[in-house]
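One structure is given here, and the rest of the page talks about it.
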Amino acid sequence: MSDTTQTGPIDMGNSAANDTAEKKGPMLAADGTPLKRSLNRALRRQKLRALALIAPLLIFVLLTFIAPIADMLFRSVENDIVSNTLPTTTEALEGWDHTTGEPPSEAVFEDFYFDLFLASEAKEHTKLGTRLNYEKTGVSSMFRSTGRGLDDIGDDYLDALEETDERWGDGDFWYALMSGTGTSAPEVVEARRKALARMSGDSLSGDVGFAPSNSIATLLPTTVRAYSDFAVYTALVDGDVVAEEDPWESVYVGLISDLEEANVDGYTGPEADALKAAKAALPGIEQVSLKSFFQSEDKDWVDPSVWATIQTYSPKYTSGYFLNAIDMQLTPDGIEMRPENQQIYIMLFKRTLFMSMMIMGSCILLGYPVAWLLANLPSKSANLLMILVLLPFWTSLLVRTSAWKVMLQQQGVINDVLVWLGLVSDGDRLVMINNQFGTIVAMTHILLPFMILPLYSVMQTIPPTYLRAAKSLGATNWTAFWRVYFPQSVPGIGAGSILVFILSIGYYITPEIVGGTTGTFISNRIAYHISSSLNWGLGAALGAILLACVLILYWAYDRIVGIDNVKLG
Amino acid sequence: MASTSDSEAFVAFERVQKSYDGETLVVKDLNLSMPKGEFLTMLGPSGSGKTTCLMMLAGFETATHGEIMLDGTPINNIPPHKRGIGMVFQNYALFPHMTVGENLSFPLEVRKIGKSEREKKVMRALDMVQMGDFANRRPAQLSGGQQQRIALARALVFEPELVLMDEPLGALDKQLREHMQFEITRLAHELGITTVYVTHDQTEALTMSDRVAVFNDGRIQQLAPPDTLYEEPENSFVAQFIGENNTLEGTVKEISGKTCTVQLDGGELISARPINVTKPGDRTRVSIRPERVEMNKERLQEGAHLLKAEVMEFIYMGDIFRTRLRVAGRDDFIVKTRNAPDQVRLKRGETVEIGWLPEDCRALEA
């Protein structure tokens, strides 16, 4: 009280000093430098020392807490899996218009085949399937089953080629053909290495031991691309020598596709004769369009909506997870609400907020009298009571929650007592667990100390003379409490409420154990997405929304009550 | 001991006892009665029971035994908020979440007084303590002295007939305290309020009160107007506690009427007025106020006993001189003399003879 009473005169002193400073310019130290600067210099050492003291904790928190959270939250918008796994396909799809109702052109399917072949060799295609399945159900199984059948078409081509020359299935033959002579084009291999590195997330450094010649790369571009994929994977992932391994089936698909267009007559590089023989035999080889190949693997591959989904989720960043988290979805036609029967998250957010309010309210009701007793009992009894309040802190959270299970279940202690007292018949025992009631009871119990302690610390500072003064002025006990004591304890209620509310909207274990289906929180859903469905993006989006809710509430509280009024002790 | 239980008494304590722990009595057999309009101060060292008495009167403590009467009715069983007693607390107890105006309006609101009348009364009370411009401030924005005034105004705003003040000036600096002492007594007398004032500051008690009750050890040692208290203390505690005092110990030689002769432990003989010694041979402690000691023999009556004294210290204090003497074997004997033109300034080591009128020297119990 006394320090605030002095602010008046001190303020006046300051303004007086400012007035003189304005007239004379900045205040100077003895050596002529501005006083502010020399003061800062003098304080810098102190600040550095303080910083050094907190540095270990700061670094620890940054590395183990802030950084992982930031990384996790980043996943809520990150979406580079589509463009990384299918780089050429997504590029080719840009020119396709989903509203025509037609599937994409053969060229897109060809790009898709080679992208998918590499992805399936690297076992990345199922991840992409899972990702796209969040947006369109069934895509996951399309990717998985098609991934298994990619070899068939190449095998058929190989059989046909081997009829012209036995060596078409040999590794060293292919290595010689692809390496060619003259200037080489290592940039083709390098580009494929980068694509594979982006897809798999490994850096993939080292020598591939293969570079196509310029002439062959121009002549058979698709083949060279497929062979480069094979070479990079063989050398850098499997660690084998490229020349000793038989090429992938995709290489034959590439060759057949290239031969259609290529003019091999003038080619003089190694194995040019075999190439010419194959070109000559081409009309006799039965060719399958890749579109019809995919259609035969799964008829949904010609469904434009599948391709529209891939197109919609091609960009590196997406709002899809956030839209999912608020029961909306990003479709090729824009943003729309999910069907009624798939809406769950807004309801869960509302439930979480509502139940946190209930828990906060019951904590206030139960904690206020206890805090009042604590603050007003003689210190000996107050200490004992304080130990009782703190007792829950010394017991494991799981044990306490499980104890509530024992207490509240239908064959539990409370029901048994009620039945024994005859208040409830044995037939219709109360359902008090695995629902909202159970969660509210157990969480109120667990969070009660967080309400009592701030309340107590505020009440301790309210002198009992205020109540006496009110009574001497004619107020009844209730009026004295309500008009004089209660308003002064409001900062404690505010602090306790903020603490309990923020703790409870992020609570996970207790609702998981006693919440059943109707008493779970949004955090349980986040945990499900992080650990079971592995839809981390959606989990991160839900978490980010929860974090935003807390920050907004905190901000609102600061605006209304003022965070300076909160006393935690 | 004052135990006048007259029917005129506005406030009366009758054989009141108080114990907190059931083993010791904090207030022992208290009897006190106050007429309407009196300003009575309870003065005493801490732990003497004065605050407990005040709290019993306010209703925050219950008497273990005895009866407290207010305006003829026993109030032991009336809760504090129905007693209608105004109270000023040590730390003012102004409600920090209300403005000054709301603080003053509070007792009127709980009495269900209409808004316009409430505002009128609040303004009148604020004007009374010259704080009319401060109605919209918060207590934290006021200085200690201003808070004190507001606390006073709040205790008076509902026009109680009895106001209790529990060391209300304890937190103020000396100058402000003296000013407020004057303000409080002025208001109390102007409004004709009966006031019970608790303090441990004897100057405050002497300057403000109609009567002072000196508390010690759970009892009222003396209840008297300030001048009587100062000049005619009834026992050694009061003599010691009020003002500065020289004491000398000895034995009563003889008593004759209003004078007695006391032989000090050093053998010297002095005359004194017997207060609570009854027969020759009683041990006694004689008390003389420093300003009643006389060094000028001409002013003493004939045949007065004189004592030899050696000057130990001479302190110049402006309006008075304060001389410390060695008398009858004790060197803490103080004499105060007025700074008059004819007054000699003594030097350390000088020997003087001192004496006093027998009626200024009171032979009290040992």
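Just so you know, the protein sequences line up as chains A and B, in that order. Heads up: take any position in the first sequence, counting from 1, add 75, and you land on my numbering. Heads up: take any position in the second sequence, counting from 1, add 54, and you land on my numbering. By construction, the Cβ of each residue, glycine as well, lies at the ideal position given by its N, Cα and C atoms.
Assigned with DSSP and collapsed to three states, Glu-364 of chain B falls in strand. Distances from the CA of Ala-194 of chain A to each of A:Glu-238, A:Ala-272, A:Val-516, A:Gln-486 were compared; the closest alpha carbon is that of A:Ala-272. Leu-530 of chain A is a Cβ neighbour of Ser-564 of chain A, given a cutoff of 8 angstroms.
By the neighbour-count criterion, in which a residue is buried when 16 or more other Cβ atoms sit within 10 angstroms of its Cβ, Gln-201 of chain B is buried. In the structure shown, Lys-354 of chain A adopts helical secondary structure according to DSSP, grouped into three states.
Within a 10 Å sphere around the beta-carbon of Ile-462 of chain A sit fewer than 16 other beta-carbons, which makes this residue exposed.
Residues of the region 553-581 of chain A whose Cβ lies closer than 8 angstroms to any Cβ of chain B, in chain order: Thr-554, Ala-555, Arg-558, Val-559, Pro-562, Gln-563.
Within the region 120-146 of chain B, the complete beta strand (DSSP E) segments at least 3 residues long are 139-142, listed from N- to C-terminus. Leaving aside the five residues that flank Gly-91 of chain B on each side, the residues in its chain whose CB is nearer than 7 angstroms to its CB run, in chain order, Gly-246, Thr-248.
Bridge pairing for Phe-93 of chain B: B:Thr-249 [DSSP]. Val-70 of chain B has its alpha-carbon roughly 5 angstroms from the corresponding atom of His-119 of chain B. Put simply, the backbone Cα of Leu-523 of chain A is about 20 angstroms away from that of Thr-595 of chain A. For Leu-548 of chain A, a Cβ of chain B is located within less than 8 angstroms of the residue's own Cβ.
Contact with chain B is absent for Ala-450 of chain A, since none of that chain's Cβ atoms lies less than 8 angstroms from the residue's Cβ.
For chain A, the residues of the region 104-116 of chain B that bring a beta carbon within less than 9 angstroms of one of its beta carbons are Met-109, Ala-112, Gly-113, Phe-114, in chain order. DSSP, read as helix, strand or coil, puts Ser-332 of chain A in helix.
Within the region 576-619 of chain A, complete beta strand (DSSP E) segments of at least 3 residues are not found at all. Under the 10 Å beta carbon count, Tyr-370 of chain B is surrounded by fewer than 16 other beta carbons and is classified as exposed. When secondary structure is reduced to three states using DSSP, Lys-198 of chain A falls in the coil class, being assigned neither helix nor strand. A Cβ-Cβ separation of about 4 angstroms places Ala-420 of chain B in contact with Arg-337 of chain B under the 8 angstroms criterion. Neighbourhood of Tyr-541 of chain A in chain B, by CB distance below 8 angstroms: Ala-147, Phe-149, in chain order. By alpha-carbon distance to Thr-258 of chain A, the top candidate from A:Asn-289, A:Trp-382, A:Ser-275 is A:Asn-289.
In the DSSP annotation of this structure, Thr-313 of chain B is not part of any alpha helix (DSSP H); the continuous beta strand (DSSP E) holding it starts and ends at 313-318.
In this model, Arg-416 of chain B and Met-349 of chain B are separated by some 19 angstroms (Cα to Cα). Within chain B, the residues His-135 have their CB atoms less than 7 angstroms from the CB of Thr-551 of chain A, given in chain order. When the five nearest sequence neighbours on each side are left out, the beta carbons in the same chain lying within less than 7 angstroms of the beta carbon of Val-80 of chain B are those of Lys-72, Ser-73, Tyr-74, Gly-103, Thr-106, Gly-272, in order along the chain. In the DSSP assignment, Asp-281 of chain B falls within the unbroken alpha helix (DSSP H) covering 280-285. For Pro-179 of chain A, the number of other beta carbons within 10 angstroms of its own is at least 16, and it is reported as buried. Counting of Cβ neighbours within 10 angstroms places Leu-84 of chain B among the buried residues, the total reaching 16 or more.
When rounded, the separation of the alpha-carbon atoms in Trp-376 of chain A and Glu-210 of chain A is 16 angstroms. Between the region 387-403 of chain A and the region 414-427 of chain A, the count of C-beta pairs closer than 8 angstroms reaches three or more; the two stretches touch. With respect to the 8 angstroms criterion, Thr-261 of chain B and Gln-294 of chain B are not classified as neighbours on the basis of their beta carbons. Contact of Ile-139 of chain B with chain A by beta-carbon distance below 8 angstroms involves Ser-547.
8 angstroms or more divides the Cβ of Ile-291 of chain A from the Cβ of Val-283 of chain A.
Beyond the five residues adjoining it in sequence on each side, Arg-339 of chain B comes within less than 6 angstroms, by CB distance, of Ser-290, Thr-301, Glu-303, Leu-418, Ala-420 in the same chain, given in chain order.
For Phe-188 of chain B, no chain A residue has a C-beta closer than 7 angstroms to its own C-beta; the minimum C-beta separation is roughly 12 angstroms.
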